[in-house]
Amino acid sequence: MFAEHAFALPLIFAALMGLSILAYVVLDGFDLGVGILFPFADNGERDRMVAAIGPFWDANETWLVLAIGLLLVAFPAAHGMILTALYLPVAVMLVGLILRGVAFEFRAKVAPPQKAMWNAAFFAGSLMTALSQGFMLGLYIMGLVWTPFTVGFALLTAVCLAAGYAFIGATWLIIKADGALQKKAVRWARRGLYGVLAGLGAVSLASPLVSPRIFDKWFTVPDVLFLAPLPLLAVALVAMIYVSLRHLPDSRDRFAFVPFVAATVLFAVCFAGLAFSFYPYVVPEKLTIYAAASAPESLAIILVGTIFVLPVIIGYTVLSYFIFRGKAGELRYD
Amino acid sequence: MDTLLLSRIQFGANISFHILFPTITIALGWVLLFFRLRYSATGDAKWIGAYRFWVKVFALSFALGVVSGITMSFQFGTNWPGFMERVGNIAGPLLAYEVLTAFFLEAVFLGIMLFGFSKVPAWLHTLATFLVAFGTTMSAFWILVLNSWMHTPAGFEMRDGVAFATDWWAIIFNPSMPYRLVHMLLASGLTVAFLMAGLSAWRWLKGERTGELRVALRTGVTLAAVLIPLQILAGDMHGLNTLQHQPAKVAAMEANWETRPNVPLVLFALPNSETRSNDYEISIPNGASIILKHDPDGVVPGLNDFVAEDGTPLHPPVSPVFWSFRIMVGTGMAMLAVSFAAAVLVWRRGQLETAAGTWGLRALVLMTFSGWVATLAGWYTTEIGRQPWLVQGVLTTADAVAAVPAPMVLSTLVVYLAIYAALIAAYVSVLFYLAGKAVKGSLGPVAPAPLAPGRPALQPAE
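Here you go:
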């Protein structure tokens, strides 16, 4: 009974996976970014920075678990292929996630002399996570092949993604902070924007050059006309962020949300571009989502649950952001 | 050492580290809900005081459980790609349902539980506490469904070496699932009971005499005394279920080499896999037959039934299973003795100030982490007891391992082990640091208002 959905199901699951990766990059992106910005803040500011992400980070990170879960569930063959090829960067990321996740709790609970150590672990964990994810992205774009050139490119995307996270983290702090910390956040966001631009440029240039298939997709008429809005929108968003950052912080704190929202849309646009480039492949140039998909029966049973549960998840996530809206205050630890 | 062995050590270390923390959070969530409801019902500050202390332990344990759980979900792909390729059609949906029904629920409402006390109405804070407890239990349910299925697979058919689901009801309610789930939930309850009793006893010995300490001590001790008999009963039933479905595992647990009647209960022995017999055996005649068959003449299967034609053993390594089973049972017996004695002392007024009370409290401190010991030992019994199979009768561990170079696995293994050791040390020391602060009375509010000044600050009374 599921056979007629053999085409639709892998596509739906690829879309769901894309959605959760995007949710992860934006949501955990901003809290990882806050961790990366830690060394540039003083101790009082650090507590407020953590207060700005404390109630959210755990749920944010869950999108990664969902994304990897969907990959594993929907495309088991690709799951093994991708993760085995990325063995070392995955290990680095896991160590980073462990350090960062436990640092949240430990830095709030240990005796004061040890707090500095857990602050360092928080920064190191956030940076390791961001760099390794960027590295994996770069290597994925390069077709999961390890050569000096591909590794070099992956190192570049590693730095760019870390800068991108720091950037979106800074835009989040513009919303959640006030006073001197908000001013600092605006400065961080301005600098981070250059990293984002470098990353966008590198990926946009490299993907079509590495893969003739991607080149054809983007640069043949009439496709190029349909696709033109994507890069144009990206340019408009960058301009919007640039202008808003020049005018922030303003005295009545009216437009503090603009850079974060624009950055989110910018990330979504870039992600759509990448997704378009790689479709229908889940392992670049090797394995399509159709060849890698699980049995339709298994996909169908997950889909039923997802249709009911996902709106609920989104609902209570929104509730949590609503409850903890407003400026992050002093966080008292004991 | 080869990739297979290193990968097994790595996954074993990872899962051993991971299981410590869900074991605490599953039951602690419900205890916190109990404290929260008592506070709502009585308005007595001692209940919210106990909540505030133990919610910190919960948050810390939860964070460690999350990060080590993520590590595991990635290691399926990095180290065991064969697992998902062969049984992904069954394991996948179960894991997906765990993420969908449990992970997000826990993660989102944990934020409200920890930081929302003064931001949301009391009913919503109580609801958040319930949902977190419910989420951790759902999470345990799905994981144990999958784990039980790996021990007693059902409801599937093999096509070209790949498992396809035929009956989801049979997959979820596979033969060992109810026993394993109950055994694990009780193990979690006992771990929390002894942790709570142990840390509270420590605080008492250090001189604290607050109301919140009394209720936590009483809750821990009572919970321990009530749950341990239930656990012994559940464990026995789980054992009989294992005998039915995984006789080789039970043969290894009992170090019984020959299938025969009148099998003795081995108390001590060094199982010798060269001679295929036990050295230095001390045993109770007919004991194993009575326990497993409830009849002294009952025939109990032996390890020699599980050997291939060419002499390759198809049963698990005997010594680790035999010894971990004995450690689990021994710890359980100690739990029984200590919790009953402590329950008497705690419930009879004034008894704690006597010499017997002091010794009872010291015994509880000594048993603080006994739940961890028993859980890990039980986990090794059942998981090593499944070898050489990853999925009993379907997929061997050796067939699932990734072709990653051994030095790569070794390097990550060393890093993981170092981190796990450091984190366990940090975790235990922070628990006692927090307990010490509670003794000094310097423990402030647990849920500092993280948001705007001007909003109501944290107040004990809503």
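Just so you know, the sequences run in chain order A and B.
Add 99 to a position in the first sequence, counting from 1, and you land on the number used in the numbering used here.
Add 1 to a position in the second sequence, counting from 1, and you land on the number used in the numbering used here.
Yeah, the Cβ is synthetic: ideal placement off N, Cα and C, and Gly gets one too.
- Between A/G153 and B/V67, the gap from beta carbon to beta carbon reaches 8 Å or more.
- B/M159: member of the beta strand (DSSP E) spanning 157-160, first to last residue.
- Contact check for B/T376 against B/T127 fails: the beta carbons are separated by 8 Å or more.
- In this structure, the alpha-carbon of B/P318 lies about 31 Å from that of A/L171.
- Taking a cut-off of 8 Å for Cβ pairs, the segment 272-283 of chain A and the segment 346-353 of chain A touch, as three or more such pairs fall below it.
- Distance between A/L136 and B/V440, taken at the CA atoms: about 37 Å.
- A/E396 belongs to the set of residues whose beta carbon lies under 8 Å from a beta carbon in chain B.
- Contact annotation: A/M192 and A/T228 have beta-carbon atoms nearer than 8 Å.
- At least 8 Å separates the CB of A/D127 from every CB of chain B.
- In this structure the segment 322-339 of chain B touches the segment 245-255 of chain B; the number of beta carbon pairs closer than 8 Å is three or more.
- Under DSSP, B/L271 forms a beta bridge with B/D280.
- A contact is defined here as three or more CB-CB pairs under 8 Å, and the segment 59-66 of chain B meets this definition with respect to the segment 20-37 of chain B.
- Within the segment 104-116 of chain B, the residues whose Cβ lies closer than 9 Å to any Cβ of chain A are, in chain order, F104, F105, L106, E107, A108, V109, F110, L111, G112, I113, L115, F116.
- Under the criterion of beta carbons closer than 8 Å, B/V366 and B/R219 do not qualify as touching, at roughly 16 Å.
- With a threshold of 16 other beta carbon atoms within 10 Å, B/T276 falls short and is exposed.
- For A/F377, the enclosing alpha helix (DSSP H) starts and ends at 357-377.
- The alpha carbon of A/G298 has as its nearest neighbour, out of A/W271, A/D277, A/I406, A/A265, the alpha carbon of A/A265.
- One finds nothing in chain A with a Cβ atom closer than 8 Å to the Cβ of B/K294; even the nearest lies about 40 Å away.
- About 7 Å separates the Cβ atoms of A/G233 and A/V258, confirming a contact at the 8 Å cut-off.
- Here the segment 233-244 of chain B makes contact with the segment 177-194 of chain B; the two share three or more CB pairs at distances below 8 Å.
- A/V209 and B/Y421 have their C-alpha atoms spaced approximately 18 Å apart.
- Each of B/F110, B/T211, B/I173 was checked against the Cα of B/A46, and the nearest Cα belongs to B/T211.
- The beta-carbon of B/F433 is placed no less than 8 Å from the nearest beta-carbon of chain A.
- Contact check for B/G136 against A/I422 fails: the beta carbons are separated by 8 Å or more.
- Below the 7 Å Cβ cutoff, chain A contributes V172, S397, I400, I401 as neighbours of B/P94, in chain order.
- Rounded to whole angstroms, the Cβ separation of B/G89 and A/P175 is 3 Å, and the two are in contact under 8 Å.
- Just measuring C-alpha positions, the residue of B/P314, B/V264, B/E310 sitting nearest B/V301 is B/V264.
- Collapsing the DSSP output to three states places B/W390 in a strand.
- By the neighbour-count criterion, in which a residue is buried when 16 or more other Cβ atoms sit within 10 angstroms of its Cβ, A/A276 is buried.
- Linking B/S284 to B/I292 through their CA atoms gives a straight-line distance of about 13 Å.
- Listed in chain order, the alpha helix (DSSP H) runs fully inside the segment 138-195 of chain B are 169-173, counting runs of at least 4 residues.
- Looking at the DSSP output, B/L396 sits in a beta bridge with B/V392.
- Against B/V222, chain A offers no close residue; the least beta-carbon distance is about 25 Å (beta-carbon pairs closer than 7 Å).
- Between A/G237 and A/T256, the C-beta gap is smaller than 8 Å, which places the two residues in contact.
- In the structure shown, the three-state DSSP call for B/L315 is coil.
- The beta carbon of A/Y389 sits closer than 6 Å to the beta carbons of P109 from its chain, once the five residues preceding and following it are set aside; these are given in chain order.
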